[in-house]
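**Student:** This structure is in structure tokens; I'll ask about it shortly.
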Amino acid sequence: IFKFYVNSSPTYVGEWSTWSECSETCGFGYKYSFLNTSLESQQEAKRSLPCMNMRCPDTNECKDSTKYCNWTNSDCIDTNESYYCTCKSGWRLNEYSNSCIDIDECANLTKYCNWPNSDCINTNGSYNCACKFGWTLDEYNNSCVDINECKNLTKYCNWPNSDCINTNGSYSCTCKFGWTLDEYNDSCLDIDECSSSSNICNTTNNACVNSIGSYSCYKGEWSTWSECSETCGFGYKYSFLNTPLKSHQEIKKSLPCMNIKCPVDGIWSDWINYKSCLDSCGICFIKQERHCNNPPPTDDGHVCFGINVQYADSNSICRVNGGWTQWSSWSLCSQPCQVGVKKRYRSCTNPVPKYGGLQCNGNYSDESICYSNECKKVIVNFGMILSDIDYIIQYSSPLSEPYKELEKITIVMLQNLYNKFNKTVQCTLNFIKFVASNLLNDAFLNIPENLNEVKDALV
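As structure tokens, then:
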């Protein structure tokens, strides 16, 4: 029987129970004894005693990667009764958070990629060493050596008449003797030594003749330049060397030249098909167009001849109504002076009416009055043979009726004569002189030149 105090109260009378088992099956724990008393108390009275069973087996926390060391690019290291986290190779711990960040090895070029003519390329968790342009790794992959580009002449300096010069990390292309780089530095051009130096053949009457990649000096003189080889467009004019030396080869020099541009005649393009259907018959037909633009006429070249639109039926009998072409240019005025008529024409061929199609509506020709200068009055002597009229004495009197009738006949004959030339004339008859027929034939020999056409037209 024990006496004990609870919260500094008077003693209680009771008995302690036997000690319990240790609270831990392994390692340190506690065993407890409880007070058995008849007094009612809301507070459980107990006492404890430290205890230790056998040592607990170690737990491998690293087996649970979702709970321990779950950072990206990290590793879990298990220890006795614990663990710790480290970053993989090429990564380091972020001092501000539980994470691994990439190590930039290229920031320390004294340690990484420290070969001459190399570059360091950082990657996530690692790095690569590469050689600069014009260099390549050696067979041991620990240094950079120069690439000899000139060994591959199909890729480098592959122009005719060029040389490849290798340099450290690069190369250069030069032209052979007698050649020079063009303005784009991608081909070699022949040097015309004869034009670049006036005294290259420094002897009197020595002529310089350029050749491909070189030149020659000949004793002689150059002829004057010939005419341009082409009558239009680009060509060449030539000068030939007159030399006393016998040679089977003609020596000449050339100079570009250009006359007027050559006329280019227009050529039709290919036909372009447009297919459509007519509601009136429901059968399709093909409309074809072409244009005079292949090429177009330039520099006074001829325009294309023919139509630019045509229709082809596609197993149909649909009507094709006729269409007018464009008006032609106006003709010349019918009269050289005063009032005349000019005309223009068109044809019903755009398209031609087919399969009962309608003809074009309207006239195929058009007229317009044209005005020219005032006609000049010209006094002309005419001789005419009136074989069907016998001479009577009244013809000698201008006031007689027979004379006036004869005058009218004469004016009509003159107007008919001009009408044969499509000309209009107004005649005023001054007088009529009668001569014997044999004298009239002699008079034709003295007709002025400008009347020869009139004489030839007399019947």
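All residue numbers for the sequence shown refer to the working numbering, where the first residue is 4 and numbers rise by one. Note that CB positions come from ideal geometry on N, CA and C, so glycine has one too. This structure is a prediction, so every number in the text was calculated from the model and none was measured.
For N155 and G181, I'd like the C-alpha separation in whole angstroms.
**Tutor:** N155 and G181: Cα-Cα distance of roughly 24 Å.
**Student:** Using alpha carbons as the reference points, say which of T234, K179 and T246 lies closest to S217.
**Tutor:** The residue with the shortest Cα to Cα distance from S217 is K179.
**Student:** Which residue spans inside the stretch 190-259 form an unbroken beta strand (DSSP E) run of at least 3?
**Tutor:** Runs of the beta strand (DSSP E) inside the stretch 190-259: 191-193, 209-214, 217-222 and 237-245.
**Student:** Return the CA-CA distance between Y187 and D195, expressed in angstroms with no decimal places.
**Tutor:** About 18 Å.
**Student:** Any chance you could list the beta strand (DSSP E) runs of at least 3 consecutive residues sitting entirely within the stretch 14-89, in chain order?
**Tutor:** You should have 14-19, 31-40, 49-55 and 77-82.
**Student:** At the level of alpha carbons, what is the spacing between H466 and P299?
**Tutor:** Any answer about residue 466 is impossible in this case: the structure gives the chain only from 4 up to 462.
**Student:** For W138, count neighbouring Cβ atoms within 10 angstroms of its own Cβ and tell me buried if that reaches 16, exposed if not.
**Tutor:** Flag for W138 reads buried.
**Student:** Who are V323's beta bridge partners in DSSP?
**Tutor:** Answer is K357.
**Student:** What residue does the beta strand (DSSP E) around L140 start on, and which one ends it?
**Tutor:** Segment W138 to L140, the beta strand (DSSP E) holding L140.
**Student:** Excluding sequence positions up to five away, which residues of its chain have a Cβ less than 8 Å from the Cβ of Y115?
**Tutor:** Cβ neighbours of Y115 beyond the five flanking positions: E108, C109, C123, Y130 and C132.
**Student:** Out of N209, L409 and P119, state which residue places its alpha-carbon closest to the alpha-carbon of K222.
**Tutor:** The shortest Cα separation from K222 among N209, L409 and P119 belongs to N209.
**Student:** Where does N125 sit, in a helix, a strand or coil, going by DSSP?
**Tutor:** Looking at N125 - three-state DSSP - the assignment turns out to be strand.
**Student:** Measuring CB to CB, does S77 end up less than 8 Å from T69?
**Tutor:** Result no, Cβ atoms of S77 and T69 do not sit closer than 8 Å.
**Student:** Is the stretch 144-153 touching the stretch 161-171, taking contact as three or more C-beta pairs under 8 Å?
**Tutor:** They touch, by the three-pair rule.
**Student:** Could you give the distance in angstroms between the alpha-carbon of D105 and the alpha-carbon of T75?
**Tutor:** Each residue's alpha carbon lies about 11 Å from the other.
**Student:** So, are the CB atoms of E370 and V344 less than 8 Å apart?
**Tutor:** Yes; because the gap between Cβ atoms is below 8 Å, this pair is in contact.
**Student:** So which of N297, N144 and G128 has the shortest CA-CA distance to N117?
**Tutor:** Residue N144 is the option with its Cα nearest to N117.
**Student:** As a quick exercise: from H294, C260, L389 and L417, pick the residue whose alpha carbon is nearest that of C269.
**Tutor:** Note that residue 269 corresponds to Gly in the displayed sequence, not to Cys. Answer by Cα proximity: H294.
**Student:** Can you say whether V381 is buried or exposed, counting buried as having 16 or more other CB atoms within 10 angstroms of its CB?
**Tutor:** Flag for V381 reads exposed.
**Student:** Taking only the alpha-carbon atoms, compute the straight-line gap between C72 and N97 and give it to the nearest angstrom.
**Tutor:** Cα to Cα, C72 sits roughly 14 Å from N97.
**Student:** Specify the secondary structure class of T413 as computed by DSSP and reduced to three states.
**Tutor:** The answer is helix: DSSP assigns T413 an H, G or I state.
**Student:** Taking the straight line between their C-alpha atoms, what separation do you get for Y86 and N101?
**Tutor:** Near 15 Å, if we compare the C-alpha coordinates of N101 and Y86.
**Student:** Taking R322 and G365 to be in contact with their CB atoms under 8 Å, please state how far apart those CB atoms are, rounded to whole angstroms.
**Tutor:** Their Cβ separation, rounded to whole angstroms, is 19 Å, which puts R322 and G365 out of contact at 8 Å.
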